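Trainee: Note that the sequence shown covers residues 3 to 181 in our numbering.
Have a look at this one.
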Amino acid sequence: MVVSLQCISCNGRTKSLKQQFLLLTYGLPDFDRQNSTNVVADKWGIRFRTVAGCIVTQELENMVEEQNRSVEPLIAKKYGKDWKDKFYKEVEAEFEIEKKVTALVDSISYIKQKQTDMEKQGNGLHYIMSPDADADRYNVWVQGWGEWKGKDKWVTYYTFLVDYQTKSVNLLSDKVTME
């Protein structure tokens, strides 16, 4: 499926949004590279939708294959026949950058302490990253399970702006939020 959207503003002007290619998946994702894959996919206008976990029927496999078989030629038309190789090469490059960003955030003493506290509860911290407008900087949301209004929820503990080239880490927020 290819998604193309148009927005009509209050002044009546129409603005087309980026075309998105929808690919279906099933099974466990590569958790280590999931954020990197999402960053590159967003840049390429590709969206992955997981339709099942590890247990799938033949019917579901056939449906996923049929859907993806109809979309992949459109992606190839835009990015070339070797688009998968290019895409996953870019994911690997993104992953290498994200490892540098992660190391910088992991080196902060209060992050180390929060990770230790979370592990005592059987949890851990997770990082969501997104490149900033400046290619060397990343927005990083440090997330995990926490209490929100008396209930266990997935929360953001910290937000940082990290420049992996200069190795600077700027705390933007240490207020627990539901994001």
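Even for Gly, the Cβ is constructed at its ideal location relative to N, Cα and C.
These numbers were taken from a predicted model, which means no experiment stands behind them.
(1) Can the beta-carbon of Leu163 be found closer than 8 Å to that of Asp138?
(2) Considering only the beta carbon of each residue, do Gln117 and Leu106 sit closer than 8 Å?
(3) Nearest CA to the CA of Thr104: which residue from Phe50, Ile48 and Val144?
(4) Assign Val164 to one of three DSSP states: helix, strand, or coil.
(5) Considering only the alpha carbon of each residue, which of Arg35, Lys169 and Gly148 lies closest to Asp119?
(6) Any idea if Met180 is buried or exposed, counting beta-carbon neighbours within 10 angstroms, 16 or more meaning buried?
(7) Closest by CA to Ala54, which one among Glu74, Thr27 and Asp154?
(8) Exposed or buried, which one is Phe33 when buried takes at least 16 other CB atoms within 10 Å?
(9) Are there 16 or more other CB atoms within 10 angstroms of the CB of Asn37, so buried, or fewer, so exposed?
(10) Just reading off the alpha helix (DSSP H) that Ile77 is part of, what are its end residues?
(11) Where do the N-terminal and C-terminal ends of the alpha helix (DSSP H) with Asn40 fall, by residue?
(12) By the three-class DSSP mapping on this structure, what secondary structure does Ile113 have?
(13) Where are the alpha helix (DSSP H) runs, 4 residues long or more, that stay fully inside the region 105–155, in chain order?
(14) Is the Cβ-Cβ distance between Val42 and Val93 less than 8 Å?
Mentor: Well, looking at it:
(1) Against a cut-off of 8 Å, the Cβ pair of Asp138 and Leu163 comes out as no contact.
(2) No, Cβ-Cβ distance for Gln117 and Leu106 is not below 8 Å.
(3) Ranked by Cα distance from Thr104, the first of Phe50, Ile48 and Val144 is Val144.
(4) When DSSP states are grouped into helix, strand and coil, Val164 belongs to the strand group.
(5) Taking only the C-alpha atoms, the option nearest Asp119 is Gly148.
(6) Met180 should be labelled exposed.
(7) Closest option to Ala54, judged by alpha-carbon separation, among Glu74, Thr27 and Asp154: Thr27.
(8) Counting Cβ neighbours within 10 Å, Phe33 comes out exposed, since fewer than 16 surround it.
(9) Classification for Asn37: buried.
(10) Start and end: Gln60 to Tyr81.
(11) Per DSSP, the continuous alpha helix (DSSP H) segment holding Asn40 begins and ends at Gln36 to Trp46.
(12) Reduced to three states, the DSSP call for Ile113 is helix.
(13) Entirely contained in the region 105–155, the alpha helix (DSSP H) runs reaching 4 residues are, in chain order, 111–122.
(14) Yes, they are a contact pair.
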